[in-house]
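If you're matching positions, the sequence shown starts at 1 in my numbering and goes up one per residue. Let me begin by presenting the structure, written as structure tokens, before commenting on it.
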Amino acid sequence: MAGRLPGAARADSQNWVPRRHHRHIGERFTDTWADSIVEIEQVTSSRVRDLEKQLEQERKRADSEASKRREAEQKFKLLSLQQKSARPADDDTWLSIKVAGADVTGPLAFALLFGGIYAAWSSSNEAKARQQQGRWVYDRGLGGKKVWVPYKTGAAAGSSDLPEQLSDAAFEELTSKAAGLAAEQRRREQPYQPPSWWQAPMSFAADDSTRAAAQMQASALLARIEQAKNRGEDYKISDIALLRRICQAGGGVTVDTRTVGGRDAIYKAAVEAAMRRCLEPSSVDEADLADVSPLAFVAGVAQDVQIPDERAVSLAANWVAGACRARVVEAYTAAKKGDDVLCATALAQLSSLLQGMPVLEAGSSQVGLISDELKGWADGETLQRLYGLAMQLVEPQQQQLVSSMLGMRS
């Protein structure tokens, strides 16, 4: 057999082997680089074949549906001819069907019958089309090629499937996000209006130099407050009250906290001081609240640290509700033990808090949470005794609210 010339064409089959130019720039040259490229090409070919099979099945299914439709039309035409030949004397009644006990003939019967056949055929096609919905994605494993990925059965196009096992925490996170989006949509449609009890802070008129000096003082004081917190110290209500006075004297200047969490923490310290003023007046005097009412102090600090009114109102209501719950539980525990003095003290503090910070309403969600919790573990007899004592101690305008907290009807 004559020797083969160098570079001559070969007729025998040989597996494809990549050359050096298939390597990417910067890729390390190893002993297995060729095998890796061959494996990727084989996987690519396998996926392409699977997609071709899927497309072929779709074409066959479409042809089958078309043939079924033609067969239904032929059967309908044959039935029409049979009906017409059976009653040749009456051309108007060559097709008759019963609808609600009455005979329907002529063109109306034809329309009803054909409409039923078409509705059955179209509903079948729509159901199968929904099963084949999906989207195009770019597969990195295929070198960035575009492939079709069908949705799961019952999933609509454009929807994002939730995991099969969704934890309670994840579900609550989803619901909170949905509620936040809904609230945002409501804010866009209708501007937020604070409740009547929200006391907007008053500011004094100030010139530019006074505002600039107040801004520098407020920023320096805020830096000192934040540094003390970083050292592990609690917020001093005297510093927060001084910040309120500086911002008010400067014509309503505001400060920028480092973080949103720090901003809310300063506001919470102000709300807690206002609640202590209502619960234990001797522990917090008016000077600690910048010589204003508890609600005015709370609203002023919210403006100083730039908390939106809607969020400030919501946070204040939640924290006041927590303090009310603590007094209700304390009063119930004392009533359960038969300690009427301690029970009366807790109810008096509850009344004082509701009088100084009337931020809750009888039908609010916070009040509903308090009553729902009591229903879970409190006994009815003790609740009745507590309710009777509360109606004697709280103010008349507070009776309906306290009754709602206890789950009673006033």
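C-beta: ideal position from N, C-alpha, C; glycine also. Note that the structure is a prediction, hence the values are computed from the model and not measured.
Where do the ends of the alpha helix (DSSP H) carrying residue i lie?
i: Y332; result: D309 to K337
i: A241; result: I237 to A249
i: S371; result: S365 to W377
i: E381; result: G380 to L393
i: S352; result: D340 to G356
i: S209; result: D208 to N230
i: G300; result: P294 to D304
Have a look at residue i and residue j and give me their C-alpha separation to the nearest angstrom.
i: Q400; j: A390; result: 11 Å
i: E164; j: S238; result: In this prediction, E164 scores a pLDDT of 43, lower than 50, which makes its location untrustworthy; the coordinate-derived value is nonetheless stated afterwards. Cα to Cα, E164 sits roughly 53 Å from S238.
i: V260; j: A299; result: 17 Å
i: T93; j: E71; result: With a pLDDT of only 46 at T93, under 50, the local geometry of the prediction cannot be trusted, and the value read off the model is given with reservation. Taking the straight line joining both Cα atoms gives about 25 Å.
i: A348; j: E280; result: 11 Å
i: S293; j: E286; result: 8 Å
i: R277; j: P396; result: 22 Å
i: F76; j: R69; result: 11 Å
i: V394; j: G322; result: 18 Å
i: R47; j: S67; result: 30 Å
i: Q193; j: E58; result: 57 Å
i: E233; j: G338; result: 40 Å
i: L350; j: K229; result: 31 Å
i: K336; j: G388; result: 14 Å
i: S196; j: Q190; result: 17 Å
i: V284; j: W377; result: 35 Å
i: A220; j: M202; result: 23 Å
i: G262; j: S314; result: 17 Å
i: K413; j: T44; result: This structure does not reach residue 413, given that the chain is present from 1 up to 410, and the question cannot be answered.
i: I225; j: R231; result: 10 Å
i: F204; j: E184; result: 33 Å
i: R244; j: D372; result: 38 Å
For a test of the three-state rule: what should DSSP assign to residue i, helix, strand or coil?
i: L406; result: coil
i: M275; result: helix
i: V43; result: helix
i: Y192; result: coil
i: S64; result: helix
i: G252; result: coil
i: P396; result: helix
i: E71; result: helix
i: F76; result: helix
i: E56; result: helix
i: E286; result: helix
i: L51; result: helix
i: E233; result: coil
i: A265; result: helix
i: V441; result: The structure shown has nothing for residue 441, since the chain only spans 1 to 410.
i: L401; result: helix
i: Q185; result: helix
i: A270; result: helix
i: L162; result: Summary for L162: the model assigns pLDDT 38, below 50, so the residue's position carries little reliability, and this model does not support an answer.
Hey, would you say residue i sits closer than 9 Å to residue j, going by beta carbons?
i: L360; j: Q366; result: yes
i: D264; j: L222; result: no
i: C324; j: M408; result: no
i: R211; j: V253; result: yes
i: A218; j: G250; result: yes
i: C343; j: L383; result: no
i: D309; j: A302; result: yes
i: V305; j: Y267; result: yes
i: A214; j: C247; result: yes
i: L369; j: R327; result: no
i: A317; j: S364; result: yes
i: Q392; j: Q355; result: no
Quick test of your reading: residue i and residue j, contact by CB under 8 Å. State the CB separation rounded to the nearest angstrom.
i: A362; j: A346; result: Not quite, the Cβ-Cβ distance comes to about 20 Å (not below 8 Å), so this is no contact.
i: L289; j: A274; result: 7 Å
i: S206; j: Y235; result: Per the sequence shown, residue 206 should be read as Ala rather than Ser. A206 to Y235, Cβ: 26 Å. No contact.
i: M357; j: V402; result: Not really, about 15 Å apart at Cβ, beyond 8 Å.
At a cut-off of 8 Å, is residue i close to the ligand ZN when judged by its beta-carbon and the heavy atoms of the ligand?
i: G250; result: In the structure shown, the ligand ZN is absent, as is every other ligand, since no ligand is present at all.
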